[in-house]
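Step one of this worksheet: look at the structure below.
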Amino acid sequence: MEEHQSAARATPEAEQQQPPPEQQPVAGDGLPAAAEMETVLLGGGPRRTGLHLFVMDIRSVFKLDELGGEVLGIAVPASLALTADPLASLIDTAFVGRLGSVEIAAVGVAIAVFNQVMKVCIYPLVSVTTSFVAEEDAVLCKGAAAAKVADDGDEEDEEAGEDNNPDRHAAVAAADPEKQPNSAEEAATNGESAADSGGASPAELAGADAGCAPAVVGRKGGRNRRFVPSVTSALIVGAFLGLFQTVLLVAAGKPLLRLMGVKSGSTMMIPALRYLTLRALGAPAVLLSLAMQGVFRGFKDTKTPLYATVAGDLANIVLDPILIFGCRMGVVGAAIAHVLSQYLITLIMLSKLVRKVDVVPPSLGCLKLRRFLGCGFLLLARVVAVTFCVTLAASLAARHGPTAMAAFQICSQVWLATSLLADGLAVAGQAMIASAFARKDHYKVAATTARVLQLGVVLGAALTAVLGLGMQFGAGVFTKDAAVIKTIQKGVPLVAGTQTLNTLAFVFDGINFGASDYAFAAYSMVGVAAVSIPSLILLSSRGGFVGIWVALTIYMSVRALASTWRMGAARGPWRFLRHQ
């Protein structure tokens with residue numbers, strides 16, 4: 374708010390002759406100009422909560438304006454990319470299934486082990502990378518705009534033979550009012566004084582320490598590519614984690630399979646171990662591709678990961694029958710096909726990335742690995758809490774017998790599969806909000822938050838209707854067992870009815886990460902788990918299958934309410950919503 378107030382004091386005549394709202398200027402992205410942000414954001418009066426964001430400009434929820442177009446432009450490709458891999462895995466499973474029941478069971482157990490180990494790293498790596506890259510990119514773009522104006526002014530000075538052009542200084546100030554237009558370098562690297570106790574300064578975000586100034590696109594004599602510290606940090610962390618997981622899975626493959634219930638003398642052990650060992654060789658490619666997926670999301674580019682994922686999945690589908698049946702390699706061929714497809718995805722994204730940014734750091738001190746890893750460990754605690762709750766629910770369902778477990782498996786897969794759609798909105802919200810916070814564009818933060826929340830509610834309501842009817846009358850698609858179908862139908866009201874809560878919880882994840890509110894995201898999830906775990910145990914023992922789903926409803930409700938409270942109370946990064 375302070376920068377807008379200072380700007381207003383600097384232009385008193387503009388304030389006195391302000392045009393009507395319908396004639397007021399707007400920023401380049403179609404949002405109200407900065408000077409009008411407080412009035413528009415706060416509805417012209419004092420507010421002490423952020424709950425109004427749920428209804429802010431709600432008539433535009435379906436409007437494909439510039440904000441809506443940006444949200445959908447990021448969300449739709451992200452959702453498609455998230456959906457492409459599970460679909461390819463289904464086709465992969467269909468090929469392996471033709472080998473026999475032992476082979477498909479062995480591959481299923483090996484994939485479960487691989488995914489559980491991988492899941493610990495995926496979420497923190499991708500989420501932290503997306504936010505940090507979006508923040509740093511916004512800071513660098515802001516500096517590049519000021520540098521471009523300064524260079525244009527230099528050219529005008531040379532043509533006019535003037536050493537001091539006041540128009541140029543005014544233009545630089547307009548491009549970045551917090552910077553003095555004395556030099557383009559200052560415009561690119563300034564911002565260290567903006568740090569406060571709650572977060573890093575723009576200079577820290579961009580790695581603009583001494584000897585670590587980023588190159589700005591378009592500057593005279595500068596490089597054609599920018600150095601974005603978090604891009605290199607993500608690649609280093611992803612490569613290290615990938616190599617570590619390869620060593621872990623190869624060295625401890627047999628004990629991990631035993632832990633999953635595969636006995637040493639079982640016919641599944643040998644094919645499962647072969648498949649897991651070969652899949653482990655692809656772990657570096659998987660982690661690197663996911664790190665780069667977070668990078669491109671931070672750049673608000675979800676099309677490149679989509680194209681790379683589709684290309685890799687198509688290669689996997691083509692290689693499967695060739696290696697499995699043509700070369701008679703069986704499960705080994707399936708593993709090789711999957712690993713090759715992952716490296717293809719990685720190479721496609723890496724080739725695009727190195728043309729966009731400079732991945733070689735000027736020095737190791739530029740990488741800000743401590744901040745990167747610190748936020749990653751916070752999200753790791755969150756992942757552990759989430760995984761424990763979901764795994765406990767499955768374990769409790771198994772205790773009620775095969776019918777309850779089969780019904781739970783079908784319901785939970787449908788319940789969680791819909792999150793792929795909500796995750797697309799979360800990705801869009803995270804990238805846009807992180808970028809807006811870095812530019813201190815609080816109106817854009819509020820407008821984006823409002824739009825993705827409203828779209829999340831609409832999506833949740835639509836999913837409730839679709840799943841309510843689909844699961845009630847179409848459960849036979851998943852199984853022919855009458856007892857299982859009957860059990861599924863008992864859970865339909867809860868599975869379908871919680872979709873709005875689910876979408877809000879998932880969208881809020883993206884919003885919180887975009888606001889770099891990692892500590893709250895981690896601690897709140899630990900608190901949610903502390904409430905949900907006793908509820909699961911108690912309600913499972915008393916209500917059986919239905920009791921488990923009541924407990925999961927409580928879990929998602931508390932999860933959504935925690936983030937709603939944070940925003941509604943205007944705490945943490947949402948303090949700017951308060952108007953004293």
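Using the numbering used here, the letters of the sequence shown map in sequence onto residues 374 to 953. Just so you know, even glycine gets a beta-carbon here, dropped at the ideal spot from N, CA and C.
Burial state of residue i, where buried means 16 or more other Cβ atoms lie within 10 Å
i    : result
C700 : exposed
G615 : buried
F348 : Since the displayed the chain opens at 374 and closes at 953, residue 348 lies outside it and no answer follows.
F613 : exposed
V601 : buried
V733 : exposed
G916 : exposed
N488 : exposed
I783 : buried
G706 : buried
P657 : buried
V727 : exposed
W947 : buried
Q737 : Looking at the sequence provided, one finds Leu at residue 737 rather than Gln. Exposed, because fewer than 16 other Cβ atoms sit within 10 Å of the Cβ of L737.
Q666 : buried
R432 : exposed
P644 : buried
R744 : buried
R471 : exposed
R939 : buried
A448 : buried
Proximity below 9 Å, CB of residue i to CB of residue j
i    : j    : result
A804 : F672 : yes
L765 : L909 : yes
L426 : L874 : no
A461 : D796 : no
S322 : F750 : In the structure as shown, the chain starts at 374 and stops at 953, and residue 322 therefore has no counterpart that could be examined.
A888 : G941 : no
P497 : L793 : no
V486 : L713 : no
I709 : A684 : no
S603 : T502 : yes
V931 : R755 : no
V868 : V787 : yes
G864 : G841 : no
Integer-rounded CB distance, given that residue j should sit under 8 Å from residue i
i    : j    : result
L753 : V493 : 7 Å
G611 : L660 : 4 Å
L440 : A820 : 6 Å
A943 : G423 : 5 Å
Rounded C-alpha distance that separates residue i from residue j
i    : j    : result
T860 : F918 : 8 Å
F879 : A895 : 14 Å
S897 : A511 : 28 Å
L622 : M642 : 14 Å
M702 : S662 : 27 Å
T562 : E508 : Model confidence at T562 stands at a pLDDT of 35, short of 50, so the residue's coordinates are unreliable; what they give is reported in the following sentence. In a straight line, the C-alpha of T562 is about 14 Å away from that of E508.
D674 : G849 : 40 Å
K741 : D438 : 37 Å
T776 : I921 : 14 Å
K436 : I884 : 21 Å
R599 : P735 : 12 Å
K676 : E476 : 35 Å
S913 : L608 : 43 Å
G843 : K813 : 45 Å
K515 : K817 : 15 Å
A451 : T791 : 14 Å
A807 : Q872 : 26 Å
I495 : V730 : 23 Å
A799 : P866 : 25 Å
L723 : V499 : 16 Å
R652 : K725 : 25 Å
G442 : V704 : 44 Å
F881 : V839 : 23 Å
L453 : T837 : 21 Å
M491 : Y648 : 16 Å
A758 : S785 : 17 Å
R382 : H815 : Its pLDDT being 41, under 50, R382 is placed unreliably by the model, and nothing is read from it.
P907 : L925 : 11 Å
P678 : P694 : 25 Å
T650 : M778 : 29 Å
Neighbour flag for residue i against chain D, beta carbons, 9 Å
i    : result
G634 : Any reference to chain D falls outside this structure, which holds one protein chain only.
Residue i Cβ short of 8 Å to the ligand COA heavy atom set
i    : result
G747 : With respect to the ligand COA, the structure offers nothing, as it holds no ligand at all.
Counting pairs of Cβ atoms below 8 Å between the region 481-496 and the region 811-830, do you hit three or more?
-> no
Hey, is the region 634-653 in contact with the region 764-780, meaning 3+ C-beta pairs nearer than 8 Å?
-> no
Are three or more beta carbon pairs between the region 934-941 and the region 880-893 nearer than 8 Å?
-> yes
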